[in-house]
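Notes for the one structure printed next.
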């Protein structure tokens, strides 16, 4: 594509380049060596404004120009003091020297401690490209080096990742892709009850690229078809205003109690589907005894539920009756399983849907993670019929792994014992951490604790384009190119668009792509030929495309050769190339004998003998309500009475491009904005625009107040993604001045079943900040020193 275009008001040297991101496919205009304009592809009916931030991709304030090594590490290497990470200045060094030092560190750890002592989980979203995908590059490199300790799950869906295979037999990601399509919901349902909402901001994002943000149009058609929506969330904006949803602002983390109250009404009034519970489920009788109080003396009726969730008794009963009388879809957001006992909402909503008897019916049943990324529920019945080529990683010789959200526990408690999914396990003794394509100082919780954990390894190596906290707290930093500074192509697993990703800009200063770095390291470590297979990056790209073409051909889809694709721009498949499919849940519904679920019983397990057999104190054999430590009315709430909702941001993907124009323009006085209810603001003498301090015994941060009646009283909403910026890195619990909520969140597993993040169980207090405002410096260069 990248042909010259001459248009009024443009230089005749202007060129247009296609690219793809997790938030959309774009055409970039380049003039005089810089990006001058970003426009969405023509196929995108509602493009994400995050794309505007691509103009800032060579932001000189925060780009990493050259290899840099922490001063103390350069002097003593792995014998240096890790507590000085984030404090020591950096020294820029030539590439060969940095590569030599990194190779020596890897060889030392392997020889002295073994490959299990290398942590290479490297969690993060990285780029949308198929070849220059940082984690794939790193994992291939480390596996060929002898292996590494990896991670399982994600921060997004760690609880669902573990519980859903026990209950439904299928991987959580597969179940989410089988969410009923909006088209089917509009045609067959009359009611959607959404626990956690269906947020438009989350639907900006997709795994891989995205050629058309059609969610708004689809949801508009849903409303026009007469489907009513109930939004169960403490935040009204979790469902778009145009849906005119009935907002139920319950107390955070009480969704399971509300679901139990609905279930009790269904059962006590004979509205449940006994036939479906018998034919397609197992274990309802044991759950029923809990529901009615036969096992513990407490009936989980609507009155009991109302006392916990603060939703009126009559509303609960009326909604249950309406759900039983009208074709209903229950949807549940990812956020509900990022809490204490976060496995329970997903198990309980499955139980509730089973009682309604509509699982597997078109447009009804359950939408797991509905709308949490664009194509869950909005890709319809037309998934991509083939898998695009990928940079093969090979097997990992090291068997040990951790649940991804337990990284700080692992670093702080080497050889410490824990339980995960019914297994007794122990943490490895990690001596070297290698991270590329992610930012744990965004994703992880209790960042002060993470900083302490981060001081423990002997060596931390990071690839980064920009000076995030992860780079600032590293020993060896390799400057990485961005997706706009290299060639690649995008093809998601649930999107019907394939897009070339042209090199728009020259690499910033002395930056290199991950493949070049790992090729150089593998050469020093003796396995370059195995790693590179004697291919250049362009040759790998052509090979991956050829693999894609061959796989597509087996599905009767004809794709062009590489040169035609590369010069022709985005490819959009149509419904004839990606035919409609019947979901496996629908097949199970149609004939549970011929199409059983891969559970021990072949049915939906409302009671799981497997889970009951684990004998866990915090997760039993059926869905249940469990008391929380950080919730309204708890002992802790007397000191920290406000619930923190650290949701996803509107203006960026996680922390990516926080320095970009789309993100920066929504900050106030350089800080992230926090929404709170007028009652909570008035009682603390807080006005719109005031800088406020959010705090608890884990940490404190600053934000700019936005007063909103769209937030339940007792709740504060501070989105994630502001780059971590402690006022004084030398102080353990230094005030975070930019608005990163993860200095406040708890770093405790959901339960001993999933050990996933429980960030949304977090109590805080808020006060107006009247002191002199600290400067936000995180978008500036760190301190450098001479040798």
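Residue numbers (our numbering): 1459 to 2245. Beta carbons: idealized from backbone N, C-alpha and C, even for Gly. Predicted model only: the values in this text are computed from it and were never measured.
Within a 10 Å sphere around the beta-carbon of residue 1860 sit 16 or more other beta-carbons, which makes this residue buried. By the CB criterion at 9 Å, residue 1599 and residue 1890 fall outside the cutoff. In this structure, the beta-carbon distance from residue 2211 to residue 1801 falls below 9 Å. Apart from sequence neighbours up to five positions away, the residues of its chain that approach residue 1986 with a beta-carbon distance below 7 Å are 1977 and 1980, ordered along the chain. For residue 2226, the enclosing beta strand (DSSP E) stretches over residues 2221–2226. The beta carbon of residue 1923 lies closer than 6 Å to those of 1938 and 1940 in the same chain, with the five residues before and after it left out.
The closest CA to that of residue 1916, considering only 1497, 1564 and 1508, is found on 1564. Residue 2193 is positioned such that its CB atom lies no closer than 9 Å to that of residue 2031.
Counting C-beta pairs closer than 8 Å gives three or more between the segment 1492–1511 and the segment 1651–1669, which meets the contact rule. Assignment of residue 2103 by DSSP, reduced to helix, strand and coil, places it in the strand class. Between residue 2117 and residue 1520 a beta carbon distance of about 5 Å is seen, short of the 8 Å cut, so the two are scored as contacting. Across the set 1737, 1747, 1897 and 1714, the C-alpha of 1714 shows the shortest separation from the C-alpha of residue 1767.
In this structure, DSSP gives residue 1629 a state outside helix and strand, which the three-state scheme calls coil.
Taking the Cα of residue 1773 as reference, the smallest distance to any Cα among 1972, 1556, 1720 and 1726 is reached at 1720. Of the residues 1482, 1488, 2245 and 2195, the one whose Cα lies closest to the Cα of residue 1471 is 1488. Straight-line spacing of the CA atoms in residue 1559 and residue 1913 works out to 19 Å. For residue 1616, the closest alpha carbon among the candidates 1754, 1733, 1695 and 1827 is that of 1827.
Judged by pairs of C-beta atoms under 8 Å, the segment 2038–2050 does not touch the segment 2160–2179, as fewer than three such pairs exist. Taken atom to atom, the span from the alpha-carbon of residue 1793 to that of residue 1632 is near 18 Å. Taking the CA atoms as reference points, residue 1974 sits about 16 Å from residue 1893.
Between the beta-carbon of residue 2195 and that of residue 2185 there is about 5 Å, and that keeps the pair under the 8 Å contact cut.
Residue 2006 carries a helical assignment under DSSP once its states are collapsed to helix, strand and coil. In the three-state reduction of the DSSP assignment, residue 2123 falls in the coil class. Taking the Cα positions, residue 2062 is about 49 Å away from residue 2142. Assignment of residue 2240 by DSSP, reduced to helix, strand and coil, places it in the coil class.
Between residue 1820 and residue 2085, the CB-CB gap reaches or exceeds 9 Å.
Put simply, the backbone Cα of residue 2113 is about 19 Å away from that of residue 2102.
The alpha-carbon separation between residue 1644 and residue 1757 amounts to approximately 36 Å.
Here the alpha carbon of residue 1540 sits roughly 52 Å from the alpha carbon of residue 1701. Rounded to the nearest angstrom, the gap between the Cα atoms of residue 1745 and residue 2138 is 39 Å.
Per DSSP, residue 1489 lies in no alpha helix (DSSP H) segment; the continuous beta strand (DSSP E) that holds it begins and ends at 1482–1489.
Secondary structure note for residue 1878: it is in no alpha helix (DSSP H), and the uninterrupted beta strand (DSSP E) holding it is 1875–1878.
Ranked by how close their Cα comes to the Cα of residue 1882, the residues 2225, 2213 and 2123 have 2213 in first place.
Around the beta carbon of residue 1808, 16 or more other beta carbons lie within 10 angstroms, which makes this residue buried. Exclusion of the five residues before and after residue 1852 leaves 1598, 1601 and 1602 as the residues of its chain whose Cβ lies within less than 8 Å of its Cβ. Between residue 1787 and residue 1647, the C-beta spacing is below 9 Å.
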